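Report on the structure given below.
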Amino acid sequence: MTSTPALTAPGVTPPDIVRCAYAELVVTDLAAAREFYVDILGLTVTYEDADTIYLRTLEEFIHHNLVLRTGPVAAAAVLAFRVRTPEDVDRAETYYQALGCRTERRPGGFVRGIGDAVRVTDPLGFPYEFFYAVDHVERLAWRYDLYTPGALVRLDHFNQVTPDVPRGIEYLEGVGFRVTEDIEDDEGIVYAAWMRRKATVHDTALTGGAGPRMHHIAFATHEKHNIIAICDKLGALRRSDAIERGPGRHGVSNAFYLYILDPDGHRIEIYTQDYYTGDPDNPVVRWDVHDNQRRDWWGNPVVPSWYTDASLVLDLDGDPVPVAEREEPSEMAVTIGADGFSYTREGDTEHGFKLGNQL
569 MTSTPALTAP
579 GVTPPDIVRC
589 AYAELVVTDL
599 AAAREFYVDI
609 LGLTVTYEDA
619 DTIYLRTLEE
629 FIHHNLVLRT
639 GPVAAAAVLA
649 FRVRTPEDVD
659 RAETYYQALG
669 CRTERRPGGF
679 VRGIGDAVRV
689 TDPLGFPYEF
699 FYAVDHVERL
709 AWRYDLYTPG
719 ALVRLDHFNQ
729 VTPDVPRGIE
739 YLEGVGFRVT
749 EDIEDDEGIV
759 YAAWMRRKAT
769 VHDTALTGGA
779 GPRMHHIAFA
789 THEKHNIIAI
799 CDKLGALRRS
809 DAIERGPGRH
819 GVSNAFYLYI
829 LDPDGHRIEI
839 YTQDYYTGDP
849 DNPVVRWDVH
859 DNQRRDWWGN
869 PVVPSWYTDA
879 SLVLDLDGDP
889 VPVAEREEPS
899 EMAVTIGADG
909 FSYTREGDTE
919 HGFKLGNQL
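Straight run, no breaks: the sequence shown in the working numbering ends on number 927.
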């Protein structure tokens, strides 16, 4: 294994990734985490024991979308992706070994409900897992007796903080991800990028900042009124301090959103109403970093903690990965302050973004 992994492996076939599938989070108080994710957010318990809880959304048929595991340090232990065939697990192992990344293979799986899988520390320092074999469970899409007003129906995406976004784009494009939207400036600095495998805006996003860290994981609802219901529930329970940002509508992705913090500070986005991206010539949307509508369509300034705070990630030994600072300008430094309320980028009074530019 090389000290600095390569970003691409020419001549080596990457795995065919289908979608983001589950995250494993380490929490310091499992009972408090259960109250947050089950009693408040309404996720379904597939299995639990004294140390771990496996949760899924209402439309999911694989064993889980979220694993909560008790531990001494709150962190993201893995971001997991399902691949198209069993052979793609082999391809994932071979590909990441060719990059010079550390890999670990377990034919019996690392967690309940998941079979043969490989975990890697990727070139950006994130813990990724790739798997195909799963246990099927009851899809609850038709169990309307179980729906709450704020029902979470799917896992939608991850968001990762990394110091060098273009480096991350090059690496993820090498394993088949495509950019749908990004944020840039006139000097060519890239502040963030949204990348997808399934035909939505993203399966993961790269946010420029000190990393590797996990910015958030996102669950989808059917409608924006479901998000309002979550806000009302948090208020009724005197838990509205869990709301960090929103509700609102993003310019990027066009989605209605809410950001909340679990008892350990892990950020969860509740997300709905983005758009289809599956055509081969789907146009990339590029936003100017000075356009405040990129992050919030209504022009509300983003709270600084949303830019600065994120969860640590773990290596394959379960130790926190060291965090490196971003050397290029940060998005917060550019937009929090004098132009934090600006609706359009400098010099443009009509449009804050560019449609149709291809990478």
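Using N, Cα and C, we set each Cβ at its ideal position, and we do this for glycine too.
Note that the coordinates shown come from a computational prediction; the quantities given were computed from them, not determined experimentally.
DSSP places Y759 in the uninterrupted beta strand (DSSP E) bounded by V758 to R764.
Excluding five sequence positions before and after E895, the CB atoms of its chain that fall closer than 7 Å to its own CB belong to P731, given in chain order. Here the alpha carbons of I795 and T772 stand approximately 21 Å from one another.
When the five nearest sequence neighbours on each side are left out, the beta carbons in the same chain lying within less than 8 Å of the beta carbon of E791 are those of T840 and Q841, in order along the chain. By the C-beta criterion, the stretch 677-689 is judged to be in contact with the stretch 647-664, since at least 3 inter-stretch pairs fall below 8 Å. For H704, there is no enclosing beta strand (DSSP E), as DSSP marks it with neither H nor E.
Measuring C-alpha to C-alpha distances from T716 to each of E697, L609 and D849 identifies L609 as the nearest.
G693 and D883 have their C-alpha atoms roughly 8 Å apart. Classified as exposed, F629 has fewer than 16 neighbouring CB atoms from the shown chains inside 10 Å of its CB.
Under DSSP, R587 shares a beta bridge with R650.
Taking a C-beta distance under 7 Å as the contact criterion, H783 and N727 qualify as a contact pair. Of the candidates P583, T775, A666 and G756, the residue whose Cα lies closest to the Cα of Y700 is P583. Sequence-distant partners of R587 (beyond 5 residues in either direction) whose C-beta falls short of 8 Å from its own C-beta, in its chain, are F649, R650, R765, K766 and D771. With fewer than 16 neighbouring CB atoms inside 10 Å of its own CB, Y843 falls in the exposed class. Within the stretch 571-624, the complete beta strand (DSSP E) segments at least 3 residues long are 585-595, 612-616 and 620-624, listed from N- to C-terminus. Look at V871 here: in three-state DSSP terms it is coil, with no helix or strand label.
The straight-line gap separating the alpha-carbon atoms of F787 and H834 is approximately 13 Å.
For T789 against A719, the beta-carbon gap comes to about 6 Å, under 8 Å, which counts as contact.
Residue pairing by DSSP places M782 opposite Q728 and S879 in a beta bridge. Looking from the CA of W874, the closest CA among P890, V881, S898 and T572 belongs to S898. Put simply, of P695, I757 and G736 the residue whose alpha carbon is nearest the alpha carbon of V747 is G736. Residue nearest to W865 within the set D887, G814, D847 and A892 is G814 (criterion: CA-CA distance). In this chain, P640 is not harboured by any beta strand (DSSP E), its DSSP state being neither H nor E. Sequence-distant Cβ neighbours of S808 in its own chain, meaning closer than 6 Å and more than five residues away, are L802. In this structure, the alpha-carbon of I682 lies about 42 Å from that of D753.
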